[in-house]
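Structure first, then comments.
In the numbering used here, the protein residues as written are 247 to 581.
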């Protein structure tokens, strides 16, 4: 063996060397995608989906047919029973009559709910118009209708008194409506925000702890409908069954149209810190995303149900509500 067969040391003098391990790109994550808030996305798609005219006609005709068949069957049953056993037949007829009266009472109540919601919506639009045109006379009419809307509510008595005392000192529409916001609507805004935070916390907890997909969708839908109903009641709307569903559809349709049903780590950064969501379990991350989306739905519901647009008072801070709602789910260690 010659000297050339021994080990050879090659000195590249640092030229042409590859990147160091510290400079290597991160290994791509080939696992499952991160949490996306699937339950709330499903709720928004279900509630915000607009039915076609054909489907509305289908359901209307189906209900008419079913109602006709049930009515004729009930009539024949009562008439036959009267012919066989008169006393029992008339008793059943009275029960049917009472049931119809209850249905009529429910229908009247739902119509009153829709009328109340329409009144608040009209008040909101007239206030926005008065602000856009700086119409002081229009703003005074709005304030008069607003105080009439809250007449009889003990929790607004102090605010109504303050608006009445200071309203004459305002000489523009924005000042007058801003006074009503600060003195009359600010306590209602706080109460509505409390409802939003409670609903977001509930949805996040149920999604994180219940491993059933249908269960978290049902929980999210129920919690959001209840939250929207409570917000409407806080701002003066009476929320019946159909009225609550109408409000829910309006809010969800708005969120779907604006693309606000998507949320990522940036929404949760004030609560958890950047990047920590990727370290959590997938189920826990889904709960946080669904809770954040519920807070976003609540903020939209406040804007829809509020009788005055946000002018002097800031719009609902979604990030702040998410932080207040979800911080309590974590144990924060003290140094």
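Virtual Cβ for every residue (Gly too), placed ideally from N, Cα, C.
- The alpha-carbon of residue 481 is positioned some 19 Å away from that of residue 564.
- Straight-line measurement puts the Cα of residue 412 at about 14 Å from the Cα of residue 420.
- The beta carbon of residue 336 lies closer than 8 Å to those of 328 in the same chain, with the five residues before and after it left out.
- Distance check between residue 430 and each of 541, 373, 554 and 562 places 554 closest, using alpha-carbon atoms only.
- Under the criterion of beta carbons closer than 8 Å, residue 495 and residue 441 do not qualify as touching, at roughly 19 Å.
- For residue 386 against residue 422, the beta-carbon gap comes to about 7 Å, under 8 Å, which counts as contact.
- Between residue 550 and residue 467, the C-beta gap is not smaller than 8 Å, which leaves the two residues out of contact.
- Scanning its chain for C-beta atoms nearer than 6 Å, with the 5 sequence neighbours on each side dropped, one finds around residue 465 the residues 452, in chain order.
- Contact between residue 572 and residue 534 holds, since their C-beta atoms are separated by about 6 Å, short of 8 Å.
- Distance between residue 317 and residue 355, taken at the CA atoms: about 22 Å.
- By the Cβ-count criterion, residue 377 is buried, with 16 or more other Cβ atoms from all chains shown falling within 10 Å of its own Cβ.
- Annotated three-state conformation of residue 547 is helix, per DSSP.
- Sequence-distant Cβ neighbours of residue 393 in its own chain, meaning closer than 6 Å and more than five residues away, are 406.
- Scanning the region 297-377 for uninterrupted alpha helix (DSSP H) segments of 4 residues or longer gives 299-330, listed from N- to C-terminal end.
- By the criterion of a C-beta distance shorter than 8 Å, residue 369 is surrounded in its chain by 388, 391, 392, 395, 553 and 554, once the five residues flanking it on both sides are discounted.
- Residue state for residue 380 is assigned as coil, using DSSP reduced to three classes.
- Shortest Cα-Cα distance from residue 362 to any of 561, 478, 560 and 558 involves 478.
- Burial state of residue 490 is buried, judged by a 10 Å Cβ sphere holding 16 or more other Cβ atoms.
- Note on geometry: alpha-carbon atoms of residue 360 and residue 331 lie some 44 Å from one another.
- Going by beta carbons, residue 417 and residue 382 fall inside the 8 Å limit.
- The C-beta of residue 462 has 16 or more other C-beta atoms within 10 Å across all chains shown, which makes the residue buried.
- With 16 or more other Cβ atoms inside 10 Å of its own Cβ, residue 425 counts as buried.
- The C-alpha of residue 410 is placed about 16 Å away from the C-alpha of residue 432.
- Between residue 325 and residue 342, the C-beta spacing is not below 8 Å.
- The residue from 556, 428, 470 and 314 with its alpha-carbon nearest to that of residue 444 is 470.
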